Structures are given as structure tokens and as C-alpha cells.
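Residues 374 to 534 in my numbering are what the sequence shown spells out, letter by letter.
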Amino acid sequence: MGAGWHTVPRNPAKGWLPGLKVDGDVNQLPTIAIVASYDTFGAAPALSVGSDSNGSGVVALLEIARLFSLLYSNPKTRGRYNLLFGLTSGGPYNYNGTHKWLRSFDQRLRESIDYAICLNSIGSWDNELWIHVSKPPENAYIKQMFEGFAEVAEELGLKLA
374 MGAGWHTVPR NPAKGWLPGL KVDGDVNQLP TIAIVASYDT FGAAPALSVG
424 SDSNGSGVVA LLEIARLFSL LYSNPKTRGR YNLLFGLTSG GPYNYNGTHK
474 WLRSFDQRLR ESIDYAICLN SIGSWDNELW IHVSKPPENA YIKQMFEGFA
524 EVAEELGLKL A
């Protein structure tokens, strides 16, 4: 590839790790969606620079997907949640790419998503980790996950907001 600007397709990238169903369980497993936008926004393309617009979220998503793929490769360490990973475009435009990506899935999959974790711009806050939930977690597994976030944040000296 030579120097200069090149057109990059604006297609979402996705990954899927199926959770482990217990014998006799006929219910569909719930899904956790982990997403990040891979694009930036600037007045001109040359002004869209920086490792956080949105390189930090992309790198985090890829590393999380790598680690969970190792865990999920063994039935003994596979979780009871399906994991859906998505890198989408259109983040600066009201997450238009994420909306389109989610609409492309079967309705049953969309309805199985219990939690969504958005990793956009996670490198922009000094010593703060932001977690937003639309309602308090009722599921014991998810409560345990949030408690784990809090413990790790404390160990790393991060403020959990």
C-alpha cells in the first residue's frame, strides 16, 4: 500500500462465544454484548488522531475476546452466558453503525441480550472507571461481576464511578 488516503469498508466485525448449557436446559442462554466503535470523528480526517478516538476501546475489546476465547475453549471454564463481540462504525453519529448491526440479528438473539458493555473511549479518564447500568443487577452472576470490577478497581487505585 502506498502513502495517502485509502477507503476502508465500514462493515462491523463480530465474534460469538457460545455459553455452556446444562443438560436438560431447554431455555436459550442469555447473552452479554461487548461492543466498541472503531472510528473517530474530527473536522478533517487528519485531525482524527489519538489512541483514544477510539483505539482504546478496540484494543480492549480484542484483548477481552482473546481472553474469553481461551476460557470458553474448555467446557470446565465456559460461562453460562453467550458472549457477542462487535466492532462497529458510526459511533460519533449517535452509534448509527451499532444500531444497524443490532438490527441485522435475528429477533431472538436481540431479545436474549441481558447486558451490553460499551468500551468506547475508555482511555480518556485518568484513574476513573465508569460503569452505567439502567437498573440494579438482580442476577447473582452479574452482581458478582460488578463486585469483581469494584475489587480490581480498588486494587489498581482507580475510582469507580
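The beta carbon of each residue, even a glycine, is placed where N, CA and C say it ideally should be.
Bear in mind that the values here come from a model prediction, so they are computed numbers and not experimental data.
- By DSSP, does Tyr454 sit in helix, in strand, or in coil? coil
- What residue range is occupied by the uninterrupted alpha helix (DSSP H) comprising Lys516? Ala513 to Glu528
- Message: Assuming Tyr411 is part of the alpha helix (DSSP H), what are its boundary residues?
- Response: Per DSSP, Tyr411 belongs to no alpha helix (DSSP H) and is neither H nor E.
- Indicate whether Leu460 and Phe441 have their beta-carbon atoms separated by less than 7 Å. no
- Message: For Leu482 and Pro509, I'd like the C-alpha separation in whole angstroms.
- Response: 23 Å
- Query: Alpha carbon to alpha carbon, what distance is there between Gln517 and Glu527?
  - Reply: 15 Å
- Query: Ends of the beta strand (DSSP E) at Leu482?
  - Reply: Taken as a continuous stretch (DSSP letters only), Leu482 belongs to no beta strand (DSSP E), being part of the alpha helix (DSSP H) at Gln480 to Ser485.
- Query: Given a threshold of 16 other Cβ atoms within 10 Å of its Cβ, counted over all protein chains shown, does Arg512 qualify as buried or as exposed?
  - Reply: It is worth fixing the name first, because residue 512 is Asn in this sequence and not Arg. Exposed: under 16 other Cβ atoms inside 10 Å.
- Task: Pull up the distance between the alpha-carbon of Val431 and that of Gly388, whole angstroms please.
- Result: 13 Å
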